[in-house]
Every structure is written in C-alpha cells, then in structure tokens.
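Here our numbering is used: the first residue of the sequence shown is 1457, the next is one more, and so on.
A short write-up of the structure that comes next.
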Amino acid sequence: MKKFWVIPVLLWLLSVLTGCGPGLGNSVNAQYWFDLGQGQFRDGHYDEAAVSLSRAEALATDNLTKAMIYREMARVYNASYSHLQEAAYMERAAEAFAMAGETRESNRALLETGQAWYNVDDFERAESLYKSALFGARQDRDTLLEVRTLQSYAALCLAGPEQDPILALEMLSRVADELDTPLSCTDKGIAAYAYSLLGERAEADRWLREAIRDAESEDEETKIRFREYQVKARAGDAAGALKALESVVAASEEAERQAARDITLSSQKEYFQQQSEIAAERLRSARMRQWVLALLLVLGLVAGWFIYRMHRLRAEQRLAEERAETDRVMSIAEDLQARLQKAGSSKILEKSGFSVLERLCEQFYIYEGTENLQAKVLKEAKSVIDGLRADTRGLEELLDAEHDGVMSAFRAQFPKFKEDDLRLFAYVAAGFSSTTLSTLLERDKQYVYNRIWRLKGRIAASEAPDKERFLEYFNK
C-alpha cells in the first residue's frame, strides 16, 4: 500500500511537462518568468522586468514564490523612483513571507517597506514599520537587520517636521557600541547633521570630515555633500553651503543624463531580445511535446501495474483481517467457556445458556470453507456477548451456586452500588481475561484496569462483613 504514492507523483510530473496542471507546472513557468525578470532588472531594463515579473506573479501558486516576486517587483519600482508602488509591493512581500513561515525575510521586507514610505515623506508610516522590523530583528536575533533598521531610523529622526537629533545619535551609538558595527559614511553624515542641530559645531565638523573621507562611490559622495550643505547652512557658512549644494545639483543632473542614455540603449536592444526569447520558447515547447508523448506511454504501463498490485494487496489485507477477527472471537469464546465451565457443572451451564464454545464450534463445523463462516461465527459470538452485557442474572446464579451465594451477598452488602459496578464484580468473580472484559464493557484495557482498581478500592474502604472474601476474587 505504501507504494501507491508513485501514481500521484507521476501524474504531478505530467502536469509539469504539459504545463497545464494546477500545481508544479505553473510553478515552473513562474520561476522562468521570475528568473527572466531578475536578469532584465540587473541589466537595467526596468519596463521589461516589470512585465516579466507580472507574468510570474500571475502563475505563482505558493506564498514563498509570490513573496520573492513581490519583493523583486518592489525593487524594480525603487529603481524607477516609483516609491508608492514600491511600498505597496514590498508590503505584500512581507505578508507573503510571513504566511510562508519566513519570519526573517518578512521582517526585512518590513524594513524596506518603511524605507519606501520614507522616500515619499510619509514619516509616520515609516516609523511604525521601522519599529515592527526592529522588534522582529530582536526576536529572531537578526543582528544585520537590527543594524540596518537603526541606521534607517536614525535618518528618519532628522527628516520629519519634529526632528530628534538626540534619538538619532543614540541609535547610531547602539550600532557602533552595542552591535559592534562600524558606522558607514552615510551614518557619519547623519551624526554630523545631528550635532549641528544640537549646536555642537566642532563635533559636526569632525563627523563631516570623516564622512567625506570614507565616501567611495559617487552616490555616497552626493549624499555626504548634501549633509555638508545642511551642516554649513546651519552654521551660517553661506559660501560653503552653496558650494556643497552645487555639487549635489551637478551630480543629480549627471545621473539624469545617464538614465536617459540607458533608456535609449535599452530601446535599441528590446526588439532583438524579444525575438530571441520567442525563438527559445518555441524550441522549449517542441521539446516538451516530445517528452510528453514518451511519458504518457510510461505512465500507462506503470499505472496499470500499480492498479493490479493495489487490488491484490487489498484482497490479501481483507483476508488477513477476516482471519484475525475470527481468531479473536474464538479466543474470547474459549475464555468464556473455560471460566464458566470452571465455575459450574454442565447442567447449570446448559440451564444458564452459557455453553458458548460448543455453539461456536458447531457453527464453525457447519460453515467452514464457505463465505458464510465468519458472519455466522461472529453472529453467534455477538449474541452471547450481548446477552452478558444486557443481563448477568444467569452468570450471577451460576456464581451463587458454585461460590456459596457470593453475588447475593455482594448485592446485599453494597445496596448503593450501581448496576455497572455489580456487573463488573460478576465478571471479575467469573475470572474473565482482560481481553474478554474489554470486549464485554466495550472499552479499552486501560479503562477496564482503572475501573477494577477503583471498585477494589471502594470495597477495601467499606465496612462490609465479607469484604476480605470479595477482595480475594481480584487477586485470582
């Protein structure tokens, strides 16, 4: 039976190759468009990347794949300076990562969502998301995320209408001292502006010099020049502030010109790239059809063999279960007969209707080798068992006759006991096995043991004159 999982796996594989199944086939196609969109994004083809990622999004079926697609789409919009769309997609990425159980990635997406809202000057939303990301980073002990969040939070403290330079410096101090992470040139620029807001010009100049010294890329240098403009403007150095601002404006204009050149080159390559993708897709489709035809033949053979094996194993299992049930019933019958035979003479047994084994053996002899065997044996056994469950008077008469009126004495000395307790004592006094008791009471053996233990305890704690006599039956 354990091998039957192969059939759904093979059918699942078929859905992959045909691309028409609801599960993995779509996932493979989604992965193709996702990889293509990533490559286009790296090459600076943002419009094409957005189209490919949108196709991947439409085909994705699982939360993790969706989360990665949303995050990549958000980064495409970030590169295009469309920060509202960036925030929307990054927020969806955070939710999908959380649903997929990727808490670390979800927290990191929360940080990037906050940065997107920061870029559109929605400082309240940004702060809320920074706090959530910071809490998640501490919960997961994600030091890198905690550092990045503190750095972003420090910048936020100086950007809003209610600037808080002291809090910004505290956060940068935690990055450097508590988390043992060197401050970047951007962090040093933030520190310089924070000190200038506090009126500490010497400290502001010192941090500004260090920031300028550590800047390596043009983008970093532009950011530091803007901080220089802010610091010098607050210090009243108009000439220095103007010079720094001119550097920022010049860098921005150059970036715009480079972006325009990139767009022109991208347009020239777009047609040829699309044609290449179409040709590659046609080739893949042709190869896929060949694989599908071969796989269909193999699937037919394998499925037929497994169906045959399944029917055969089920038939063997049913036969084994029938044999086991018959053996169990006969074992219980033997136990009933042995205990009852031990308890009384044959005449009493016949009068009480408890010659159980003889009745079952008679049915077994008559129907052995026929399809009616188990049904007849089970019916006969069920009749006896149901009789013992419903009415133990015959059993109690037998016990009274052979054990000096034990059941009459028990009923007289424990008049407040429930009928279930009286019946249980009769079964115990008859010496039935745990399997027989479990069958008669229709409970598992642990429940039966617990009931016997409680009944024994109640008898032992009573003032009944014959309690020692009654307790002896529990020790047999």
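Glycine included, C-beta positions come from ideal geometry on N, C-alpha and C.
Practice task
Kindly list the residues whose CB is nearer than 7 Å to the CB of Lys1644, restricted to its own chain and excluding five residues on each side of it in sequence; keep chain order.
Solution key: Trp1663, Glu1666, Ala1667, Asp1670
Handout entry: Asp1900, enclosing alpha helix (DSSP H) - first and last residue
Key = Segment: none, Asp1900 is in no alpha helix (DSSP H) and carries neither H nor E.
Practice task
Count the other C-beta atoms from every protein chain shown that fall within 10 angstroms of the C-beta of Gln1902, then say buried if there are 16 or more, exposed otherwise.
Solution key: exposed
Exercise for the section: Report the three-state DSSP secondary structure of Pro1638 (helix, strand or coil). Expected result: coil
Problem - 7 Å CB neighbourhood of Ile1680 in its chain, flanking five on each side removed - result: Cys1641, Gly1645, Ala1667, Ile1668, Ala1671
Exercise for the section: Could you round the C-beta distance between Leu1567 and Leu1623 to whole angstroms and report it? I think they count as a contact, below 8 Å. Expected result: Not quite, the Cβ-Cβ distance comes to about 18 Å (not below 8 Å), so this is no contact.
Problem - Cα-Cα separation, Ala1916 to Val1904 - result: 18 Å
Handout entry: C-beta contact flag for Glu1583 and Gly1570 at 9 Å
Key = yes
Problem - Environment of Thr1895 [buried if 16+ CB atoms lie within 10 Å] - result: buried
Practice task
Could you tell me whether the region 1558-1566 touches the region 1523-1534, using the rule of 3 or more Cβ pairs below 8 Å?
Solution key: yes
Problem - Secondary structure of Val1705, DSSP reduced to three states - result: helix
Exercise for the section: Determine, using beta-carbon pairs with one atom in the region 1631-1641 and one in the region 1614-1623, whether at least three such pairs fall under 8 Å. Expected result: no
Practice task
Flag this pair as yes or no: are the beta carbons of Asn1519 and Ala1556 separated by less than 9 Å?
Solution key: yes
Practice task
Starting from the Cα of Lys1872, find the closest Cα among Gly1756, Gly1500, Arg1914, Ala1648 and give me that residue.
Solution key: Arg1914
Problem - Closest residue to Leu1932 among Arg1531, Glu1919, Ala1658, Tyr1883 (Cα-Cα distance) - result: Note that residue 1932 corresponds to Lys in the displayed sequence, not to Leu. Out of Arg1531, Glu1919, Ala1658, Tyr1883, Tyr1883 has the C-alpha closest to the C-alpha of Lys1932.
Handout entry: 9 Å Cβ cutoff met for Phe1490 and Ala1514
Key = no
Exercise for the section: For the alpha helix (DSSP H) containing Ala1920, list its first residue and its last residue. Expected result: Where Ala1920 is concerned, there is no enclosing alpha helix (DSSP H), given that its DSSP letter is neither H nor E.
Practice task
Name the residue from Leu1612, His1767, Met1863 whose alpha carbon lies nearest to the alpha carbon of Tyr1929.
Solution key: Met1863
Problem - Contact under 9 Å by Cβ, Asn1534 with Ala1572 - result: yes
Practice task
Report the rounded CA-to-CA distance for Phe1881 versus Leu1893, giving the unit in angstroms.
Solution key: 11 Å
Exercise for the section: Using alpha carbons as the reference points, say which of Arg1594, Glu1853, Tyr1574 lies closest to Ala1610. Expected result: Tyr1574
Exercise for the section: Taking only the alpha-carbon atoms, compute the straight-line gap between Leu1698 and Lys1688 and give it to the nearest angstrom. Expected result: 9 Å
Exercise for the section: For the region 1537-1566, list the beta strand (DSSP E) runs that are entirely contained and at least 3 residues long, ordered along the chain. Expected result: none
Practice task
Please state whether DSSP places Lys1644 in a helix, a strand or coil.
Solution key: helix
Handout entry: Simplified DSSP state of Pro1621, which is helix, strand or coil
Key = helix
Problem - Pair within 9 Å by beta-carbon distance, Leu1653 and Leu1614 - result: yes
Problem - Outcome for Gly1692 when other beta-carbon atoms lying within 10 angstroms are tallied against a minimum of 16 - result: exposed
Problem - Phe1873: first and last residue of the uninterrupted alpha helix (DSSP H) it sits in - result: Unbroken run through Phe1873: none, as it is neither H nor E.
Exercise for the section: Express the C-alpha separation of His1767 and Glu1777 in angstroms, rounding to a whole number. Expected result: 15 Å
Exercise for the section: Return yes when the Cβ of Glu1558 is within less than 9 Å of the Cβ of Ala1523, no when it is not. Expected result: yes
Practice task
Can you have a look at Gly1479 and say buried or exposed, based on whether 16 or more other CB atoms are within 10 angstroms of its CB?
Solution key: Reliability of the predicted coordinates at Gly1479 is poor, the pLDDT of 46 falling under 50, and no value is obtained from them.
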